[in-house]
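Participant: According to numbering that gives the first Met the number 0, the sequence shown holds residues 0 to 164 in order.
Got a structure for you, written out below as structure tokens; questions coming shortly.
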Amino acid sequence: MSAGQFNSTRRPDGAALVIAVILAAISIIIFWQTSQMRVPPVQQRVGPTVFPYIVATGLGLLAIGTLISALRNGFPARSKDDYGPIAWIVGGLVAQILLLSTAGFSVATGLLFALTAKGFGRGPLWQTIPIGIVFSFIVWFIFARGLQLSLPMGPVERFIATGSF
Numbered sequence: 000m001s002a003g004q005f006n007s008t009r010r011p012d013g014a015a016l017v018i019a020v021i022l023a024a025i026s027i028i029i030f031w032q033t034s035q036m037r038v039p040p041v042q043q044r045v046g047p048t049v050f051p052y053i054v055a056t057g058l059g060l061l062a063i064g065t066l067i068s069a070l071r072n073g074f075p076a077r078s079k080d081d082y083g084p085i086a087w088i089v090g091g092l093v094a095q096i097l098l099l100s101t102a103g104f105s106v107a108t109g110l111l112f113a114l115t116a117k118g119f120g121r122g123p124l125w126q127t128i129p130i131g132i133v134f135s136f137i138v139w140f141i142f143a144r145g146l147q148l149s150l151p152m153g154p155v156e157r158f159i160a161t162g163s164f
């Protein structure tokens, strides 16, 4: 059987059932937390609760759809996981978390970009790291200068912002 064929003789998909339960739980938590928000009377029609309710409803519908597909064996048989690419991507996330406060947004996010690209089989690191740092710096510049949002600064951003390291 290939990975794309459906198998009607299988039991309900246990992983899909777990995903459906997690989606439903997140939906319920968002609904509950949003209902606890205090909203001024001026904002009761369209206010800060509208978007969370939309997201919770969407997650609830996804949970129902996933549950139905799991019970009907609507998911194709999965192939075996390849842990190498997963390790590159998780390594990129860990590197970003560890470096964000010291190296700054551009370097940390550039490394995340490069390691994720490596996980997807793209380009050597010597090429993707500089590309990621430049792209991340452009994003930092747009957010920090254009939108006046505060993102973590490292030596690169500090030099641009103040003129000194």
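For every residue, glycine included, the Cβ atom is placed at its ideal position computed from N, Cα and C.
These numbers were taken from a predicted model, which means no experiment stands behind them.
Terminal residues of the continuous alpha helix (DSSP H) containing Phe140?
Facilitator: Note, Phe140: alpha helix (DSSP H), 124–140.
Participant: Please classify Gln95 as buried or exposed, where buried requires at least 16 other C-beta atoms within 10 Å of its C-beta.
Facilitator: Result: buried.
Participant: Can you grab the Cα-Cα spacing for the pair Met152 / Ser135, in whole Å?
Facilitator: Using only the alpha carbons, I get a separation of about 12 angstroms.
Participant: List in chain order: all unbroken alpha helix (DSSP H) runs of 4+ residues lying wholly within the stretch 46–71.
Facilitator: Complete alpha helix (DSSP H) runs here, min 4: 49–70.
Participant: Alpha carbon to alpha carbon, how far is Ala19 from Ala113? Give it in angstroms, no decimals.
Facilitator: Cα-Cα distance, rounded: 32 angstroms.
Participant: Let's see if you can read the secondary structure: which residues bound the alpha helix (DSSP H) around Lys117?
Facilitator: Here the alpha helix (DSSP H) through Lys117 covers 104–118.
Participant: If we call anything under 7 angstroms between Cβ atoms a contact, is Leu58 one with Leu22?
Facilitator: In contact: Leu58 and Leu22 (Cβ atoms closer than 7 angstroms).
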